[in-house]
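Enquirer: Let me give you the structure first, and then I'll get to my questions.
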Amino acid sequence: MKDQNFKISGKIVDVISREIVSGEIEVVDGRIKFILPKADVPDQYILPGLVDSHMHIESSLLIPSRFAAEAVKCGTLGLVTDPHEIANVLGEIGVDFMINDAKKVPLEIKFGVPSCVPATEHETSGFVLDSNIVESLLKREEVVCLAEVMDFVGVVEEDLEVLKKIVFCKKLGKKIDGHAPGLKGADLKKYVAAGISTDHECSTLEEALDKIALGMMIQIREGSAARDFDALCSLLETHPEKVMLCTDDLHPDDMAEDGHIDYLIKKGLEKGYDLFNLLRAASYNPIHHYGLDLGLIQNGDSADFIVVDNLDSFDVIESYRKGECIYKNGKASFEVHNEILLNNFSRKAIQLSDLNVQPKNGRIKVMVAKDGDLITDSILCDPKIEASNLIADVENDLLKMVVMSRYDNGKPVVGFVKGFGFKKGAIAESIAHDSHNIIAIGTSDEELIHAINTLIELKGGIVAVNKGDSKFVKLEVAGLMSNKTGKELLNDYSELRDFASVLGSDFESPFMTLAFMSLLVIPKLKLSDKGLFDVDQFKVVDLFTND
């Protein structure tokens, strides 16, 4: 064990007393023994470590130990992560892998037990986590909550399986996280009364205030596909005790370019928000809400803190965990070597004819994707027909979308989407919330087939195709994550992103946005391997309509 006895001085930011004092911290055996005033200190700030209150590590495309090495550079010392993605692919085996890999690093990484695997019965999932498995997982010491209860319909209608999971969690005294976009009125009251304490799906201030009024904590989310900080940041001033910060889903390029929770601190400071309210949302609130083992720079606390250069650039110089320096000079002090081969991928290649859609009378229902938003709209369009087959209409930004099971060889399901703006090529991936089947969009059937079959050959990853050429990132862990280091993965992903950038989309993160086009618990129109899905009606609907 490294020396855990030392002194460090600077301008100490006390989130509890809401003051900044020049002082010296004496650390003995990994804990803070004294904090003493000191006039002559280095021009640096010592702050509590930052916490992401809700995220899916899988979205970083890195396994937990690799992600931790990148997060600590941003001053992140704590994570509450929901292994929902890998659970849909590999069930309890996948959850075990995430927990065990996270133990290899010094960050405080705690888990939620996925509450909805699969999210709905209207898609093919790799595994099912029933209430008995959920109860077993909830008993693990690494678990602090029942993760986002997406089946709000099941809560409101008192579905027995859903209620069993909630009751088990309550008996253990652990938190229950929510996921209820747009829920309001009597249904929202019943959802909260069930014991659900947080929500990260608010996209409007009105929705957030309604939920706060009922006692919920609001997790202000700023990820790669969903960005709600601007809409909700005023809560930092009006309700500082009721908000936490989170990323939910963050792609590796966004994290490399912008940062992690430190990015939200910087963004809030630029908007003129109070430093202590920002830091409370990023440390004190999640630490107390989930009972995390992280200190807050108080006498007797575990010596967990970060050092930043100033409160403008907010560049992290050093990070400490239990008295050990785990990040300094641009490098994490820990390194984990992994060669994990863990997957569930049984799909065989498909043929061009599998993408044919026979014309019918009427117009077609089309989903409309929006940049930075998981919610889609639904409109009616006249299809483009060629040789008795509905094809992409690039001039009108009407692209063909395909979702097909990765777990069997069921027939591909075809729909159409507006908004992505691709002028050529196709993209495909095995990241498709929540069951992580194969999802693809393209400007022609030929390029769709190329992208899809390349992905099948890889047995998981992300693929872009343009006129016969292709680039890809292989994701050998569950088709969701890579064994590579953050730097290695970022190089691969950056090449893929640059290759795909010429296809014509102006979306900030088209791969991330595509991954949510099969998420059947977010309105309005989505596509699963079982059909076109109307979320408001909560059922599979026909592509064609005479309305």
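In this note's numbering, the protein residues as written are -6 to 540. Every residue, glycine too, gets a C-beta built ideally from N, C-alpha and C.
(1) Please state the DSSP three-state secondary structure of L525.
(2) Report yes if the CB atom of G216 is closer than 8 angstroms to the CB atom of T191, and no otherwise.
(3) Based on the DSSP secondary-structure assignment, which residues constitute the bridge partners of E317?
(4) Is the number of C-beta pairs between the region 58 to 77 and the region 36 to 44 that are closer than 8 angstroms three or more?
(5) Name, in chain order, the residues that DSSP records as bridge partners for I211.
(6) Does the distance from the CB of D427 to the CB of N81 come in under 8 angstroms?
(7) Which residues mark the beginning and the end of the beta strand (DSSP E) in which M48 is found?
(8) To the nearest angstrom, how far is it from the Cα of E114 to the Cα of M48?
(9) Going by the DSSP bridge assignment, what does L518 pair with across the sheet?
(10) Taking the C-alpha atoms as reference points, what is the distance between P233 and K132?
(11) Can you find the residues in the same chain that come closer than 6 angstroms, C-beta to C-beta, to F500, ignoring five residues on each side of it along the sequence?
(12) Give me the Cα-Cα distance between F327 and D485, rounded to the nearest whole angstrom.
(13) In terms of alpha-carbon separation, which member of N349, Y400, A362 and V395 lies closest to A380?
(14) Please give me, in chain order, every unbroken run of the alpha helix (DSSP H) with length at least 4 that falls completely inside the region 438 to 486.
(15) Per DSSP, C138 is paired with what?
(16) Around the C-beta of S276, are 16 or more other C-beta atoms found within 10 angstroms, so that it is buried, or is it exposed?
(17) Give me whichever residues DSSP pairs with Y184 in a beta bridge.
(18) Between the region 6 to 18 and the region 257 to 264, do three or more beta carbon pairs fall short of 8 angstroms?
(19) At the level of alpha carbons, what is the spacing between V410 and I343?
(20) Using the Cα positions of M(-6) and E469, report the straight-line distance between them to the nearest angstrom.
(21) Starting from the Cα of D267, find the closest Cα among R399, K183 and L228 and give me that residue.
(22) Leaving out five residues before and five after T197 in sequence, what residues of the same chain have Cβ atoms less than 7 angstroms from its Cβ?
(23) For P30, report the span of its beta strand (DSSP E) as first-last.
(24) Taking the alpha-carbon positions, what's the L536 to P405 distance?
Expert: If we stick to the structure as given:
(1) strand
(2) no
(3) R314
(4) yes
(5) D192 and V236
(6) yes
(7) L43 to M48
(8) 24 angstroms
(9) D527
(10) 31 angstroms
(11) D364 and T506
(12) 23 angstroms
(13) N349
(14) 438 to 451
(15) G105 and K168
(16) buried
(17) DSSP, once it has assigned bridges, lists no residue as partnering Y184.
(18) no
(19) 21 angstroms
(20) Residue placement at M(-6) is poorly supported in this model, since its pLDDT is 45, which falls under 50; the coordinates still yield a value, given next. Each residue's alpha carbon lies about 33 angstroms from the other.
(21) L228
(22) A224
(23) R24 to P30
(24) 14 angstroms
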